[in-house]
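>
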Amino acid sequence: MASWISCLSLVAFGLEPKLGETIMVPLARALYVSETSRCSETATYATELNGSWVIGSIPQGGYSLGQIVEACIQFQLETVHKDPIHVTSHFLRATNVGPAEVRVSVQKIGKNFTNLSADLVQGGHTRLTSHLIFGDLTPVPGGISRSLAAPSPYARRLPLLNHPSAAVRDSMRRAWMFRSLLSWSMDHTILARNAERGQTRADVEIIGGGGAEWGAWCELTRTDDEIKPSSIPFLGDTFLNLPSLLPDSEPASHGASDCWFPTVTMTVEFMARIPSSPDYASRTVGLYSESRFLTDPHGRHNAHVEVWTAPSAIGQGEIEVGWRDKQYCIAVVDQMALTLPMDLNHRQGSKNKVITKL
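According to mature numbering (1 follows the signal peptide of the UniProt record, and there is no 0), the residues represented by the sequence shown are -20 to -1, 1 to 338, in order.
Have a look at this one:
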């Protein structure tokens, strides 16, 4: 089965490979899954972890988790609980480019939520194991509002300072092989705050604080691509990790540019549906991350990432009055990651490579 699914999926999308040609596949297409078996409370889906979306030699963790989310969305398609609400995933082994399958099973069906478990399996080994909660994100009309939104002073506002129309694209990490399919413009005002706080920390007594923050407008560059719910884990895993944000004066920053930051655990909370209105960009999101802790062994660190709507594509659109208050958070992503040599990434990618016979 795995020997033919990658060929069929490429041909179906008009991406039939030619000899010696590297096909760069848009994210929405690279998240394609195909149901191979199903009964009332279980199903199996075949998929292909595409080489377009790797870091070094290993598929990006959020992209791999996106395959699970996509399979579960397909599983829930004919139910009243169609929307992913929350995902918790443990990354047991590194995934690899090549065929895989997602095994989904129902744990509980309630009035408001359905609980699923799902594993991503490659080469006979479980690579990711996940628990997912599905529900209905349709706002409830009438009654008392249970939401915080502008103009409430308690509502969270878009943390990025500049409109994407004024943004200038920045380079991405060399190890991100998908950088031709994705672009971003970092918020340099946020980055400057890290340096300012670093100076303050050296001069005064510190209470709380610590860590670093980062933000950017991030965009899928292909016009035939789109952001969908299963894209969110990938986007929430696309940021600069804490070791990369530290100044040279911090020993923990040394060699960070040549490091791999594999995800160990990830949670995704879907706050709202992805907008379909033309008032929002269809391929662009705002990203904001905070990381507070970095510890031995293995440079273990946390990351809290917010995924926001965008009013326009990078370098396009016009600034309208009140544009910031119209943006809302789509999802919040938290993870624990490690700091490891990139050589290990390449060894893992070669050692466990899953070969597809074309």
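Think of the CB as a built atom: it goes at the ideal place given N, C-alpha and C, for glycine as much as any other residue.
Looking only at DSSP bridge pairs, what is Asn282 linked to?
DSSP output for Asn282 lists Met316 as bridge partner(s).
> With C-beta atoms as the reference, is Ser262 less than 9 Å away from Glu206?
It is a contact, given that the beta carbons lie within the stated cut-off.
> Mapping DSSP to helix, strand and coil, what is Cys19?
Cys19: coil per DSSP, three-state reduction.
> Check this for me: beta carbons of Ser330 and Ser37, under 9 Å apart or not?
Going by C-beta atoms, Ser330 is nearer than 9 Å to Ser37.
> With a CB to CB cut of under 7 Å and the five nearest residues on each side skipped, what residues in its chain are close to Ile299?
Closer than 7 Å at Cβ, skipping near neighbours: His143, Ser145.
> Can you tell which of Arg73, Leu57, Met316 has the C-alpha that lies nearest to the C-alpha of Gln328?
Here the closest residue by C-alpha is Arg73.
> So Arg83 is in the beta strand (DSSP E); what residue range does that whole segment cover?
That run of the beta strand (DSSP E) goes 78 to 89.
> Can you pull the DSSP bridge partners for Trp240?
Per DSSP, Leu320.
> Where Gly190 and Leu274 are concerned, what is the direct C-alpha to C-alpha distance, given to the nearest angstrom?
In a straight line, the C-alpha of Gly190 is about 10 Å away from that of Leu274.
> Would Thr59 be called buried (16 or more neighbouring beta carbons within 10 Å of its own) or exposed?
Exposed is the call here.
> Taking the beta strand (DSSP E) that Gln102 falls in, what are its first and last residues?
Segment 94 to 102, the beta strand (DSSP E) holding Gln102.
> Would a C-beta distance cut-off of 9 Å place Gln315 and Val244 closer than the cut-off?
Yes, Cβ-Cβ distance for Gln315 and Val244 is below 9 Å.
> For the putative contact between Thr27 and Ser17, defined by C-beta atoms under 8 Å, what is the C-beta separation to the nearest angstrom?
Contact flag wrong, Cβ pair sits at about 14 Å.
> Drop a sphere of 10 angstroms on the beta-carbon of Ala129, count the other beta-carbons inside from all chains shown, and report buried for 16 or more, exposed for fewer.
So Ala129 ends up on the exposed side.
> Quick check on Pro64: does DSSP put it in helix, strand or coil?
Pro64 falls in the strand class under three-state DSSP.
> Please report how far the alpha carbon of Gly123 lies from the alpha carbon of Met251, in whole angstroms.
Near 20 Å, if we compare the C-alpha coordinates of Met251 and Gly123.
> Report all residues from its chain with a CB closer than 6 Å to the CB of Phe55; omit the five preceding and five following residues, and keep chain order.
If we look at Phe55 and ignore the five residues flanking it on each side, its Cβ neighbours are Ala23, Val84.
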